[in-house]
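Undergrad:
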Amino acid sequence: MYDYIIVGAGSAGCVLANRLSEDPKVKVLLLEAGGPDSRKEIHIPVAFSKLFRTACDWAYYTEPEPQLGKRSLYWPRGKALGGSSSMNAMIYIRGHRYDYDHWRDLGNPGWSYQDVLPYFKKSEAQENGASEFHGNAGPLHVTNLRSINPLSEAFIEAAEQCGHARNPDFNGNQQEGFGFYQVTQFQGKRCSAADAFLHPVRKRPNLTVRTAVQVFDIIFEKRRAVALSIQQGEGSTQEHAEREIILCAGAIGSPQLLMLAGIGPADHLRSLGIPVTLDLTGVGANLQDHVAVPLVYESHQPISLANAESLRSLGRYMFFKDGMLTSNVAEAGGFTSITSSAPAPDLQFHFGPGYYVNHGFSKFKGHAFTLGPTMIRPHSRGRISLRSSNPLDAPVIRPNYLAEPGDREVLLKGLKLARTIAAAHAFDKYRGREIHPGPNAPDDGALLKHIAQYGETLYHPVGTCRMGSDAQAVVDSELRVQGVEGLRVVDASVMPTVTGGNTNAPTIMIAEKAADLIKGNKTTASHADALLRTAQ
Ligand SMILES: Cc1cc2nc3c(=O)[nH]c(=O)nc-3n(C[C@H](O)[C@H](O)[C@H](O)COP(=O)(O)OP(=O)(O)OC[C@H]3O[C@@H](n4cnc5c(N)ncnc54)[C@H](O)[C@@H]3O)c2cc1C
-10 MYDYIIVGAG SAGCVLANRL SEDPKVKVLL LEAGGPDSRK EIHIPVAFSK
40 LFRTACDWAY YTEPEPQLGK RSLYWPRGKA LGGSSSMNAM IYIRGHRYDY
90 DHWRDLGNPG WSYQDVLPYF KKSEAQENGA SEFHGNAGPL HVTNLRSINP
140 LSEAFIEAAE QCGHARNPDF NGNQQEGFGF YQVTQFQGKR CSAADAFLHP
190 VRKRPNLTVR TAVQVFDIIF EKRRAVALSI QQGEGSTQEH AEREIILCAG
240 AIGSPQLLML AGIGPADHLR SLGIPVTLDL TGVGANLQDH VAVPLVYESH
290 QPISLANAES LRSLGRYMFF KDGMLTSNVA EAGGFTSITS SAPAPDLQFH
340 FGPGYYVNHG FSKFKGHAFT LGPTMIRPHS RGRISLRSSN PLDAPVIRPN
390 YLAEPGDREV LLKGLKLART IAAAHAFDKY RGREIHPGPN APDDGALLKH
440 IAQYGETLYH PVGTCRMGSD AQAVVDSELR VQGVEGLRVV DASVMPTVTG
490 GNTNAPTIMI AEKAADLIKG NKTTASHADA LLRTAQ
């Protein structure tokens, strides 16, 4: 019998496993569907896209997207210890203070920027030292890039030449401006949530970690979640939790598991023959994501990441843990408000000193650089639903990207701004021909076609188990699933709205805060009983 069972060893699950097992009297079980994080491509930063469509990847596909050329888009998701933090691009971005004040205003007390800032700081080991905005005593290493490509420096200079300010810290006093990203790395290697939070405490006797275990169902006694049905190898078994079951299976896995357990829109569940435990229509709804579109130029100078696997680069990595293999590909970026009414920046840039199109699957002979304008405050909403009652069937994913015309407008204006930046003097010595969308895309119509053909996820789906206090909300502001007991969701799915920036640091913050909520909530009836039994 365990006190807590955590489903999913991703960004959130690793944090919770660490924080909840700090108390040696508390027994914690962490279950992960994927395997250990032993592949070398997990640890060598530039290699992250080599994990795509491998055993470390759930490799989901969306349904055909109406606004994106009816394409079924590929959605990578980490399936190993560390979850998506073991295959992400390592950018450390918290979002804008508006994001969290907005969460509070939507009916979530305790989630304002002032409330969550201490949790960001708690998790952080900031290379540049502690400050009002940063912590340096946490487990998650946040560092400056070790080797910056001259093309990335040119991008920031070009943005400055176009009137944008240089920002040395997107997570400090203000988000607006252009600069280098900081990354979750340590000594030139990825620092995933597993590296930061799980591996250092794996030997705790009160923490059990099991990999290659997929959770299929949640078992209830009356309205209380008491156990999980799990598959390991050929067999299936159950694990019981004395206090709580905590879903950290991510924005796809958590709503999928709730629906498999009969918590979700009743009509949908009945249509698949799943007995309804609780009619909770918000499960799987409110799906939000960021969309990026590439603007790519040939580089006259042979200095791009196309050289990352050269002998020189391999040597530098082997002996000094620096050089191109430490690049996170999207080395530089920026934030700006492209819509005058936006409450905070609604456009982000991801600049890569290489050819990054179609998740890195498309190849280019020669050297190139990619500007990736990214729409980060979507108004469109999608949904995740079940394909069948079989837990091994991937769910149906409908992101509904760009359904709201304002979202399209942001990308269109973003592409134009990207072209302006690429035309600035700082790029003169590098800039060759425009490869994508190319010279045949002079007007809005052609750019919109380019968006439809090349727009892709920036890998930030969230919101499918939304936190709130209304009937559509899936969890309350303490992340407890509404209408049942003993069950929480703690991961990117609880975000009411997607943050304006990359989502790994916000997910880790959510788990840090959840750990405190759970610890402060120990005096549940069953725990009080247990304490009483021990005392007798
Ligand atoms: C390719 C890529 C690049 C990205 N780049 C960045 C970036 O540079 N910066 C950034 O901030 N964010 C980035 N992100 C997003 C960020 O990594 C995610 O938002 C974050 O990791 C989500 O954390 P999570 O805990 O919600 O889910 P995850 O980390 O995905 O964890 C969910 C875990 O649950 C497991 N699981 C699911 N279902 C079950 C089940 N039924 N039983 C058992 N286990 C289960 C999964 O295998 C997984 O390990 C990127 C994501 C991807 C995929």
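Sequential numbering of the sequence shown, starting at -10, is according to this note's numbering.
We put the CB at the ideal spot given by N, CA and C, even for glycine.
1. What separation, rounded to the nearest whole angstrom, lies between the Cα atoms of residue 517 and residue 469?
2. Go through the stretch 156 to 198 residue by residue and report every complete run of the beta strand (DSSP E) that reaches 3 residues or more, in order.
3. Three-state secondary structure (DSSP) at residue 523?
4. Give me, in chain order, the residues of the same chain whose beta-carbon lies closer than 6 Å to that of residue 51; leave out the 5 immediate sequence neighbours on both sides.
5. So residue 397 is in the alpha helix (DSSP H); what residue range does that whole segment cover?
6. Restricting to runs no shorter than 3 residues, where is the beta strand (DSSP E) found entirely within the stretch 9 to 34?
7. Enumerate, from N- to C-terminal direction, the unbroken alpha helix (DSSP H) stretches of 4 or more residues contained entirely within the stretch 52 to 82.
8. Please report the straight-line C-alpha distance between residue 219 and residue 137, rounded to a whole angstrom.
9. Given a cut-off of 8 Å on the beta-carbon distance, is the pair residue 275 and residue 452 in contact?
10. Closest by CA to residue 313, which one among 292, 404, 333, 417?
11. Touch check for the stretch 265 to 281 and the stretch 372 to 387: three-plus C-beta pairs under 8 Å?
12. Leaving out five residues on either side along the sequence, give the residues of the same chain with a beta carbon under 7 Å from the beta carbon of residue 91.
13. Using a Cβ-based criterion (distance less than 7 Å to any ligand heavy atom), does residue 66 qualify as near ligand 1?
14. To the nearest angstrom, how far is the alpha carbon of residue 112 from that of residue 262?
15. Beta-carbon separation of residue 84 and residue 495 under 8 Å?
16. Could you check whether the Cβ of residue 79 sits closer than 7 Å to any heavy atom belonging to ligand 2?
17. Are three or more beta carbon pairs between the stretch 123 to 135 and the stretch 165 to 177 nearer than 8 Å?
18. Under a Cβ-count criterion, where at least 16 other Cβ atoms within 10 Å of its own Cβ denotes burial, should residue 460 be classed as buried or exposed?
19. Kindly indicate which three-state DSSP category residue 513 falls into: helix, strand or coil?
20. Using CA atoms only, rank isn't needed, just tell me which of 488, 467, 493, 253 is closest to residue 558.
21. Using the three-state DSSP reduction, which class does residue 311 fall into: helix, strand or coil?
22. With distances taken between CB atoms, is the gap from residue 7 to residue 215 smaller than 8 Å?
23. Identify the continuous alpha helix (DSSP H) that holds residue 321 and give its terminal residues.
24. Rounded to whole angstroms, what's the CA-CA distance from residue 38 to residue 419? Just pull it up for me.
25. Going by alpha carbons, who is nearest to residue 497 out of 54, 26, 180?
26. Beta carbon of residue 76: closer than 7 Å to some heavy atom of ligand 1?
27. How is the beta strand (DSSP E) around residue 477 delimited, first residue to last?
28. Pair every Cβ in the stretch 358 to 368 with every Cβ in the stretch 331 to 344, then say whether three or more of these pairs are closer than 8 Å.
29. Can you give me the Cβ contacts of residue 168 inside the same chain, cut-off strictly under 8 Å, excluding the 5 residues immediately before and after it?
30. Does any heavy atom of ligand 1 sit closer than 7 Å to the C-beta of residue 63?
31. Within 10 angstroms of the Cβ of residue -10, are there 16 or more other Cβ atoms? Answer buried if so, exposed if not.
32. Name the DSSP beta bridge partners of residue 286, please?
33. At the level of alpha carbons, what is the spacing between residue 126 and residue 81?
34. If you measure from the CB of residue 480, is any heavy atom of ligand 1 nearer than 7 Å?
35. Since residue 233 and residue -7 should fall inside the 8 Å C-beta cutoff, what is the C-beta to C-beta distance between them, to a whole number of angstroms?
36. With a CB to CB cut of under 8 Å and the five nearest residues on each side skipped, what residues in its chain are close to residue 368?
TA: In brief:
1. Numbered from its first residue, the sequence shown carries residue 517 at position 528. Numbered from its first residue, the sequence shown carries residue 469 at position 480. Note that residue 517 scores 38 on pLDDT, short of 50, meaning its location in the model is unreliable and no value can be drawn from it.
2. 166 to 169
3. Along the sequence shown, one-based indexing puts residue 523 at 534. With a pLDDT of only 32 at residue 523, under the threshold of 50, the placement of this residue in the model should not be trusted, and no figure is reported.
4. Locating residue 51 in the sequence shown gives position 62, where the first residue counts as 1. Result list for residue 51: 61, 62, 386, 388, in chain order.
5. To locate residue 397, count along the sequence shown from 1; it is residue 408. Run containing residue 397: 394 to 411, per the alpha helix (DSSP H) assignment.
6. 17 to 20
7. none
8. In the sequence shown, counting from the first residue as 1, residue 219 sits at position 230. In the sequence shown, counting from the first residue as 1, residue 137 sits at position 148. Answer to the nearest angstrom: the Cα atoms are 45 Å apart.
9. In the sequence shown, residue 275 corresponds to position 286, counting from 1. In the sequence shown, residue 452 corresponds to position 463, counting from 1. Contact flag set, yes.
10. Translated into positions along the sequence shown, residue 313 becomes position 324. Closest by alpha carbon: 292.
11. yes
12. Taking the first residue of the sequence shown as 1, we reach residue 91 at position 102. The residues are 486.
13. For the purposes of this step, residue 66 is identified with residue 77 of the sequence shown, where counting begins at 1. Checking every heavy atom of ligand 1 against the Cβ of residue 66, one is found closer than 7 Å.
14. For the purposes of this step, residue 112 is identified with residue 123 of the sequence shown, where counting begins at 1. For the purposes of this step, residue 262 is identified with residue 273 of the sequence shown, where counting begins at 1. Going by the C-alpha atoms only, they are around 43 Å apart.
15. Locating residue 84 in the sequence shown gives position 95, counting from the first residue. Locating residue 495 in the sequence shown gives position 506, counting from the first residue. Going by C-beta atoms, residue 84 is nearer than 8 Å to residue 495.
16. No copy of ligand 2 appears in this structure; the ligands present are ligand 1.
17. yes
18. Against the sequence shown, residue 460 aligns to sequence position 471. Per the 10 Å Cβ criterion, exposed.
19. Position 524 of the sequence shown, counted from the first residue, corresponds to residue 513. In this prediction, residue 513 scores a pLDDT of 39, lower than 50, which makes its location untrustworthy; the coordinate-derived value is nonetheless stated afterwards. Coil at residue 513, not helix or strand.
20. Residue 558 lies beyond the stretch modelled for the chain, which goes from -10 to 525, so this question has no answer here.
21. In the sequence shown, counting from the first residue as 1, residue 311 sits at position 322. It is coil, neither helix nor strand.
22. Against the sequence shown, residue 7 aligns to sequence position 18. Against the sequence shown, residue 215 aligns to sequence position 226. Cβ atoms of residue 7 and residue 215: not closer than 8 Å.
23. Counting from 1 along the sequence shown, the entry for residue 321 is found at position 332. Careful: residue 321 lies outside any alpha helix (DSSP H), inside the beta strand (DSSP E) at 321 to 325.
24. Numbered from its first residue, the sequence shown carries residue 38 at position 49. Numbered from its first residue, the sequence shown carries residue 419 at position 430. Approximately 25 Å between the Cα atoms of the pair.
25. For the purposes of this step, residue 497 is taken as the residue at position 508 of the sequence shown. Looking at the Cα atoms, 180 is the closest of the given residues.
26. Walking along the sequence shown from the start, residue 76 turns up at place 87. Result yes, Cβ under 7 Å from ligand 1.
27. Looking up residue 477 in the sequence shown gives position 488. 476 to 478 is the span of the beta strand (DSSP E), which, as asked, contains residue 477.
28. yes
29. Residue 168 sits at position 179 when you count from the first residue of the sequence shown. Taken in chain order, the residues that qualify are 145, 155, 156, 157, 158, 159, 321, 322, 323.
30. Along the sequence shown, one-based indexing puts residue 63 at 74. Flag unset: Cβ of residue 63 not near ligand 1.
31. For the purposes of this step, residue -10 is identified with residue 1 of the sequence shown, where counting begins at 1. Its Cβ having fewer than 16 others within 10 Å, residue -10 is exposed.
32. Along the sequence shown, read from residue 1 onward, the residue named residue 286 stands at position 297. Residue 286 is bridged to 358, 423.
33. Along the sequence shown, one-based indexing puts residue 126 at 137. Along the sequence shown, one-based indexing puts residue 81 at 92. Going from the Cα of residue 126 to the Cα of residue 81 covers about 16 Å.
34. Sequence index remark: in the sequence shown, residue 480 carries index 491 (1-based). Answer for residue 480: yes, Cβ within range of ligand 1.
35. Residue numbering aside, residue 233 sits at position 244 when the sequence shown is read from its first letter. Residue numbering aside, residue -7 sits at position 4 when the sequence shown is read from its first letter. The Cβ separation is near 5 Å, so the contact holds.
36. Position 379 of the sequence shown, counted from the start, is the residue given in the question as residue 368. Excluding residues within five positions, the ones whose Cβ falls inside 8 Å are 393, 395, 396.
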